[in-house]
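The sequence shown stops at residue 193 when you use my numbering, and every number in between is there. Ideal placement from N, C-alpha and C gives every residue a C-beta, glycine not left out.
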Amino acid sequence: MRQTRPLPDTHPEFSVIEWPTFHEYRVENWRLARDGSGRIIRGAVAWSWLDLCLPLFTSLLWPRLQGNSTALALVGAVLSIFAWSRCSQVLYESVLVFPTLGIQLETHRGHPWLGSLSVSRQFIHVSCLEDFVIHEGLRRWNVRYFLAAIKRSSNSPVSFCVAFENILPYFPALLQVYSRVQNSMFPREPETR
């Protein structure tokens with residue numbers, strides 16, 4: 001296994017992991033600030049001010065809630081929702097390319113300190129993979145680029161499977177993934193004259 005970061009100065013969150021039989025193109029949920037300061041902007045949060053305030057408010061309210069089962073159930077529900085929101089953050093997304101089998105799109109969710117707690121995977125067999133494209137779309141007032149696998153099976157219409165749909169990395173990282181997937185999955189024949 002060999003891990004490289006092809007764009008270390010501008011997009012260090014993008015990495016390529018090369019295994020003997022497949023390649024993984026991973027985008028982690030953080031990025032550098034666009035102002036050139038080198039400041040890291042995190043997408044997945046380990047601790048915030050709310051994490052400190054929640055135990056304080058719970059300890060202040062706890063004596064008043066004793067004996068009131070409805071209030072205790074409400075506090076339990078709020079704490080459960082808070083724990084779920086902290087443990088279901090997107091940590092990273094990746095595209096795995098198996099040249100003879102197909103591609104797999106993955107989203108890893110969890111807590112930054114606990115690691116990946118759940119993984120959603122979508123495998124597209126090479127016989128169903130029509131193309132792998134880079135496209136653009138509108139998100140509020142921004143034009144954002146995205147990667148999509150065009151999937152077609154014999155008994156269903158054409159469908160699009162978006163790669164990195166939660167993180168939406170910037171164009172240079174997408175262009176790296178696009179060109180490498182095209183070279184692996186759709187090799188071009190050398191032109192003869």
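Take residue 30, set aside five residues on each side of it, and the residues of its chain with a beta-carbon closer than 8 angstroms to its own are 13, 40, 41, 42, 43, 44, in chain order. Each of 187, 1, 28, 56 was checked against the Cα of residue 91, and the nearest Cα belongs to 28. Residue nearest to residue 87 within the set 119, 49, 111, 164 is 111 (criterion: CA-CA distance). Under DSSP, residue 137 forms a beta bridge with 144. One alpha carbon belongs to residue 53, the other to residue 102, and they sit about 47 angstroms apart. Shown here for residue 68: not one same chain residue has a beta carbon closer than 8 angstroms to its own, the five before and five after excluded. The residue from 48, 170, 56, 106 with its alpha-carbon nearest to that of residue 33 is 170. In the DSSP assignment, the residues bridged to residue 105 are 95, 122. Cβ atoms of residue 126 and residue 147 stay farther apart than 8 angstroms, at about 17 angstroms. Taking 8 angstroms as the cut-off, the beta carbon of residue 136 is found no closer than this to the beta carbon of residue 158.
The DSSP assignment places 30-32, 40-42 as complete runs of the beta strand (DSSP E) inside the region 24-81, in order along the chain (cut-off: 3 residues). Rounded to whole angstroms, the separation of the alpha carbons of residue 18 and residue 108 is 19 angstroms.
Excluding residues up to 5 positions away in sequence, nothing lies with its Cβ nearer than 7 angstroms to the Cβ of residue 63 in the same chain.
Burial check for residue 15: the Cβ neighbour count within 10 Å reaches 16 or more, so the residue is buried. Taking a C-beta distance under 8 angstroms as the contact criterion, residue 10 and residue 98 do not qualify as a contact pair.
Burial state of residue 57 is exposed, judged by a 10 Å Cβ sphere holding fewer than 16 other Cβ atoms.
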